Amino acid sequence: MVSSSEYGSHTWELLLTVDHQHEDVEKEFKLQVTGDLHVGGLMLKLVEQIKIAQDWSDYAFWWEQKKCWLLKTHWTLDKCGVQADAKLVFTTQHKALRLRLPNMKTVRLKVSFSSMVFRAVSDICKMLNIRRSEELSLLKQSEGTLKKKKKKDKNSKEPATEDILNLCNSPVSSGLPANAGLYSKTMAPVYDPVSGSPASSTITWFSDGSWTEQNCSILALSHPTCSPETLAEMYQPRTLADKAKLNAGWLDSSRSLMEQGVQEDDQLLLRFKYYTFFDLNPKYDAVRINQIYEQARWAILLEEIDCTEEEMLIFAALQARTRCNKLSLSSEAQDFTCESEVDEVEAALSNLEVTLEGGNKSNILEDITDIPKLADNLKLVRPKKLALKAIKTYWFVFRDTSISYFKSKESAQGEPIEKLNLKGCEVVPDVNVAAKKFGIKLLIPVADGMNEVYLRCDNDDQYARWMAACVLASKGRTMADSSYQPEVQKILSFLQMKNWTMCSQTASEPENVDMKPECFVSPRYIKKFKSKQLTARILEAHQNVSQMSLVEAKLRFIQAWQSLPEFGLSYYIVRFKGSKKDDVLGVSYNRLIRIDMATGDPITTWRFSTMKQWNVNWEIRQVAIEFDQNVSIAFTCLSADCKIIHEYIGGYIFLSTRSKDHNETLDEELFHKLTGGQE
């Protein structure tokens with residue numbers, strides 16, 4: 004019984020549940036409280052009532068009905084809105100979570116369930132030693148992507164013990180600040196504490212006691228590929244609608260894990276969400292490079308992104324190069340060390356010298372006075388009805404961001420037959436090196452959709468120059484841009500990898516090589532070729548990459564992945580305002596693409612560079628975007644929450660503001676302003 008004096012007019016009873024591991028102690032407590040009692044005072048009162056001597060610093064109140072944390076301990080219960088019917092759980096903020104990494108390995112670690120997902124991912128990346136955490140996020144697998152696996156597993160028992168790397172005892176995982184040895188914001192090279200000499204840039208990143216050489220191997224090195232049977236059991240998207248399912252489960256970066264229904268020891272996927280990999284450096288990014296490579300590799304194998312037969316063989320050859328079933332940890336660790344033999348101080352001094360001298364003045368003057376242009380004879384291919392194509396040779400001139408073409412070189416002084424403005428267009432490679440086919444497909448935005456134009460080049464050099472110019476022009480940049488020559492070299496390098504020469508000795512004895520070709524290509528190509536044929540063709544392609552170091556092969560794989568037309572596109576099924584049918588929206592780092600769901604053809608492209616503003620009507624869940632020249636679009640998202648697309652757009656704009664000068668410090672407030680929305 005409660006006495007009348009104790010009860011009072013402003014006092015009421017609050018039921019609190021304590022999430023502790025002591026079986027002999029009660030878990031439910033009733034406290035008499037007042038509305039002006041602050042949350043911190045309620046904690047103190049509860050801990051005194053529990054009478055268990057332990058560290059309660061990681062505990063906080065979770066409000067069951069409202070699905071929110073009471074983290075502002077100075078707020079009163081009245082200000083929080085807590086009344087007698089509230090169900091408050093006093094529980095730990097850091098809980099165990101299983102994460103499936105891009106390399107399909109699972110780690111268990113303690114993560115803050117009360118911090119926003121953006122901050123939680125940052126802490127996870129510190130534990131795993133992955134720089135640029137803003138490029139990653141957490142993904143909950145949608146039911147559609149699990150159906151196939153469930154059917155397969157009905158009659159088979161789950162393995163008794165899953166191979167999980169347990170990191171629950173690492174310092175950051177326990178809520179403590181990150182060890183400088185694990186994560187260096189200044190990117191300072193790591194040194195062996197005993198000898199003082201520069202240590203292996205792979206192993207010493209994991210220099211904390213909880214890390215072992217085996218842990219390092221799991222995260223930073225490639226491992227033997229899975230069997231074709233395992234590959235067949237995994238979800239493989241067949242259509243654009245299937246691909247849309249892959250991106251439906253991204254968590255909201257502005258809310259906590261607990262607020263989004265994630266429970267202790269649940270499994271989530273840690274993935275690179277934004278395809279803008281900033282400042283990749285082999286010296287510091289062993290884990291990051293390997294995980295990007297693995298995400299790219301699985302995207303190719305599971306046909307999440309399309310590629311040609313020629314490209315598939317290149318990817319297979321690079322995978323064969325990065326296999327490390329016969330390589331020790333030290334060999335690849337040494338590989339990373341050798342990649343960066345130039346001392347950081349030397350590089351800084353070299354850069355300073357160039358800056359002080361002002362670079363090459365003659366080149367600067369040349370860039371100012373000379374307007375770069377390309378002029379060549381190219382073949383123009385225009386698709387016609389009944390599948391017939393008209394192919395004719397014209398004199399093409401590329402200037403600024405436009406292509407003009409004339410009947411002949413002599414008539415180039417007059418008016419062109421047609422002038423094509425490439426700003427905002429889609430540029431798709433159409434190349435088959437073996438067949439000497441070097442084509443460029445241009446999808447140019449017009450009022451009623453996209454105008455298709457095909458250009459055919461005579462050789463790889465001509466193709467590289469024109470392709471690089473088209474790619475830059477589509478982004479609104481000219482050949483005067485400093486990225487033009489590197490783009491040309493990148494394209495030539497990729498073509499060179501495709502242009503392999505057959506080695507008779509290797510080709511004649513494929514059976515002597517320990518290789519399972521089915522592990523290196525997607526199921527479509529497994530059905531198309533016999534095992535011996537595949538082995539011979541992969542080894543043929545391997546000749547061009549066999550001299551590469553392991554890290555170089557991974558970087559080339561990533562580069563080749565980035566060269567694919569569909570790279571970086573995340574798909575969603577949407578219904579545009581005023582439309583009677585569903586379309587697919589592709590979201591990339593610099594544009595949005597409206598795609599016909601039935602044919603897969605792009606209808607319209609909108610560049611972020613021309614975007615004036617975007618907002619969401621949260622009541623009807625509609626995204627509205629305004630572009631230059633009075634272009635406006637609005638759509639509702641059918642395959643996912645519209646917040647995911649809103650966050651994608653804001654996230655890519657946020658990432659475009661990054662600079663090396665900022666020394667890796669992120670403006671978290673700006674990220675949430677751009678991506679959070681006002682629901």
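Under this note's numbering, the letters of the sequence shown match residues 4 to 682, in that order. Here a beta-carbon is modelled for each residue, glycine too, at the ideal position from N, C-alpha and C. A quick note: this is a predicted structure, and the numbers were derived from the prediction, not measured.
Beta bridge counterpart(s) of residue i as assigned by DSSP
i, result
"Tyr62", "Thr95"
"Ile394", "Val384"
"Ala378", "Val400"
"Asp586", "Val577"
"Tyr651", "Answer is none; Tyr651 lacks a bridge partner."
"Val434", "Phe441"
"Arg594", "Arg610"
"Val634", "Phe630"
"Lys129", "Bridge partners of Lys129: none, in fact."
"Cys71", "Trp66"
"Met453", "Pro448"
Selection from the options that minimises the alpha carbon distance to residue i
i, options, result
"Leu475", "Asp245, Leu91, Thr404, Leu271", "Thr404"
"Ile494", "Ser612, Ala467, Tyr487", "Ala467"
"Ile561", "Asp631, Arg300, Ser582, Ala637", "Arg300"
"Lys108", "Ser256, Val114, Leu273", "Leu273"
"Val85", "Gln96, Leu45, Leu112", "Leu45"
"Glu421", "Cys428, Val430, Lys410, Glu429", "Lys410"
"Arg402", "Cys473, Ile167, Ser549, Glu521", "Cys473"
"Ser485", "Ser582, Pro375, Pro231, Gly654", "Pro375"
"Asp166", "Arg101, Leu553, Ala235, Leu377", "Arg101"
"Gly581", "Gly653, Thr602, Thr639", "Thr639"
"Ala63", "Gln52, Leu47, Leu112", "Leu47"
6 Å CB neighbourhood of residue i in its chain, flanking five on each side removed
i, result
"Ala319", "Phe523, Val524, Ile541"
"Leu658", "Tyr277, Thr279"
"Thr94", "Asp22, Trp65"
"Asp604", "none"
"Ser257", "Met119, His675, Gly679"
"Glu671", "none"
"Glu521", "Pro231, Ile529"
Contacting residues, own chain, Cβ-Cβ under 8 Å from residue i (five flanking each side not counted)
i, result
"Gln616", "Ile628, Glu629"
"Leu254", "Val120, Ser140, Leu141, Leu142, Lys143, Leu260, Gln263, Val265, Leu271"
"Ser612", "Lys478, Gly479, Asn593"
"Asn293", "Asn106, Leu222, Ala223, Leu224, Ser225, Lys557"
"Pro683", "There is simply no residue 683 to check, as the chain begins at 4 and stops at 682 in what is shown."
"Leu673", "Phe657, Thr660"
"Arg103", "Thr109, Gln270, Leu271, Leu272, Leu273"
"Tyr528", "Glu312, Met315, Leu537"
"Ile394", "Lys382, Leu383, Val384, Arg459"
"Gly417", "Phe409"
"Phe414", "At residue 414 the sequence reads Ser, which differs from the Phe that was named. Hits under 8 Å: Trp398."
"Lys152", "Legend: pLDDT at Lys152 = 46, less than 50; position of this residue unreliable, no value from coordinates given."
Pair within 7 Å by beta-carbon distance, residue i and residue j
i, j, result
"Gly43", "Thr76", "yes"
"Gln263", "Leu305", "no"
"Asp309", "Glu569", "yes"
"Glu267", "Leu669", "no"
"Thr14", "Glu31", "no"
"Met518", "Asn547", "no"
"Val587", "Ser573", "no"
"Val626", "Ile648", "yes"
"Gly427", "Arg610", "yes"
"Ala429", "Thr608", "Reading off the sequence shown, one finds Glu at residue 429, where the question assumed Ala. For Glu429 and Thr608, yes; Cβs fall inside 7 Å."
"Ala251", "Ser145", "yes"
"Ala544", "Phe497", "no"
"Asn502", "Val554", "no"
Contact set for residue i: own chain, Cβ-Cβ below 7 Å, skip 5 residues either direction
i, result
"Lys412", "Trp398"
"Cys128", "Ser136, Leu139"
"Ser118", "Ser259"
"Leu1", "No information on residue 1 is available, as it lies outside the stretch 4 to 682 that the chain covers here."
"Glu16", "Lys33, Gln35, Ala87"
"Glu307", "Pro240, Lys246, Leu249"
"Pro489", "none"
"Ser662", "none"
Cβ of residue i within 7 Å of any chain C Cβ
i, result
"Thr76", "Among the protein chains of the structure shown there is no chain C, as only one such chain exists."
Any non-hydrogen atom of the ligand GDP within 6 Å of residue i CB
i, result
"Leu112", "Looking at this structure, you won't find the ligand GDP or any other ligand, since it has none at all."
**At least three beta-carbon pairs within less than 8 Å, the region 446-463 to the region 378-387** = Result yes; three or more Cβ-Cβ pairs closer than 8 Å.
**Request:** State whether the region 59-72 contacts the region 32-40, with contact taken as three or more CB pairs (one from each stretch) at a distance under 8 Å.
**Result:** With the cut-off at 8 Å, the region 59-72 and the region 32-40 do not touch.
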